[in-house]
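Working notes, structure below.
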Amino acid sequence: MKPQKAPPPPLVRIAGLAAGVLLLVSAMDAIVAGFRTPEEEVRLVAGASAPVAGKTETAIPGIHWLTYESSGPHVTLVFLEGRGRLWRGRVEASPDAPAGEVSLRVFLHGETPEEAARNPVYRVRIFEDANALQKAERSFFRRLLGWSPWIVAATALPVLMACLGLSYRAETRRDQALRRQGVAPVYRARKGADGWELAFGLGTADGLHAGDRVMVVDEAGKTIGTAVVASATRDDALARLDSRLSLPGQVFVAARGREDPSGKA
């Protein structure tokens, strides 16, 4: 018998790979777009509104103390809340607002000219329709598909987790099937002064004890050498192998007296 890996179904592998790539790309897209978008920028279509928030240089006594100055008569600001130095509002563009940019600055009644000058200027970008707004998006997913990249990431994550879970179950079933035949993959191989130290998932429950000999084979079933069990617990064991031998990336251990994993009698 050749101890080959039992990979998950091709559809699971493809779906998992696609979900992982989509998760990475969408998260990067959202982060890059966020860095490229100024905090003081507001984007909306004529006849629509958009949320906006900011803070003043001094504490806001009440929402009626807030006022604003707009460079365009078609853009207005409705204050919804003012607490501490933070305020929250809604920018509105009239249906007949022309496409372009409007500057908007928020003030507090009674602020000195110096304090008012430190308040940020908001850049309101007005687009004639939703299509024009979408084409100007900095996010790749928003620009081409009209989807938020965070929504794409949130959709890809459970798909990726499900595929990983299915792959794990396939690997577990493979390992259990091999163990019933007295074969187990080496999950840790460390080279020391006394030779290779191999850790694998066979133990006293499988009939192994210190001093027993086990065969070490590669994925193709080719015998690499014979190792001696140094210690064993119920489900795991450590074995020593000659340090002069070379180990490939994945090796297996087969208890002697069981079916030879190389397929030989």
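Residue numbers (numbering that gives the first Met the number 0): 0 to 264.
From the three backbone atoms N, C-alpha and C, an ideal C-beta is built for every residue, glycine too.
From a predicted model like this one, the values you see are computed outputs, not experimental measurements.
### Message
When you compare the CB positions of residue 226 and residue 195, do they come within less than 9 Å of one another, or not?
### Response
yes
### Query
By Cβ distance below 7 Å, which residues in the same chain neighbour residue 151 in space, the five residues on each side in sequence not counted?
21, 25, 140
### Query
How long is the line joining the alpha carbons of residue 223 and residue 246, rounded to whole angstroms?
8 Å
### Task
Would you be able to state if there are at least three C-beta pairs under 8 Å between the segment 12 to 21 and the segment 125 to 132?
no
### Task
Identify, in the order they occur along the chain, each residue of the same chain with its Cβ nearer than 6 Å to the Cβ of residue 189, setting aside the five sequence neighbours on each side.
196
### Where residue 18 sits in the DSSP three-state scheme
helix
### Task
With a 10 Å radius around its C-beta and 16 neighbouring C-beta atoms as the bar for buried, classify residue 231 as buried or exposed.
buried
### Query
Looking at residue 80 and the ligand SAH, is the gap between the Cβ and the nearest heavy atom below 8 Å?
The ligand SAH is absent from the structure shown, which contains no ligands of any kind.
### Task
Find the nearest neighbour of residue 57 within the set 126, 167, 23, 107, judged by alpha-carbon distance.
107
#### Entry: Limits of the beta strand (DSSP E) - the one that residue 221 falls within
No beta strand (DSSP E) contains residue 221, which DSSP labels as neither H nor E.
#### Entry: Spatially closest choice to residue 47 from 72, 86, 95, by CA coordinates
95
### Message
Is the beta carbon of residue 41 closer than 9 Å to that of residue 103?
### Response
yes
### Neighbourhood of residue 12 by C-beta distance below 6 Å, restricted to the same chain and skipping five residues each side
none
### Query
Which residue comes first and which comes last in the beta strand (DSSP E) that contains residue 42?
40 to 44
### Message
Let me check understanding here. Comparing Cα to Cα, which of 153, 185, 210 lies closest to residue 201?
### Response
185
### Task
Using three-state DSSP, classify residue 149 as helix, strand or coil.
helix
### Task
Answer yes or no: do residue 187 and residue 198 have a C-beta to C-beta separation smaller than 9 Å?
yes
#### Entry: For residue 138, the three-state DSSP class (helix, strand or coil)
coil
### Query
CB residue 101 to CB residue 125, shorter than 9 Å?
yes
### Message
If distances are taken between C-alpha atoms only, which option among 216, 88, 237, 97 comes closest to residue 70?
### Response
97
### Query
Under the rule that 16 or more other beta-carbon atoms within 10 Å means buried, what is residue 83, buried or exposed?
exposed
### Query
residue 176: buried (16+ other C-beta within 10 angstroms of its C-beta) or exposed?
exposed
### Query
Since residue 238 is in the beta strand (DSSP E), which residue starts that stretch and which ends it?
236 to 240
### Task
Apply the 10 Å Cβ neighbour rule to residue 178 and answer buried if 16 or more other Cβ atoms are within range, or exposed otherwise.
buried
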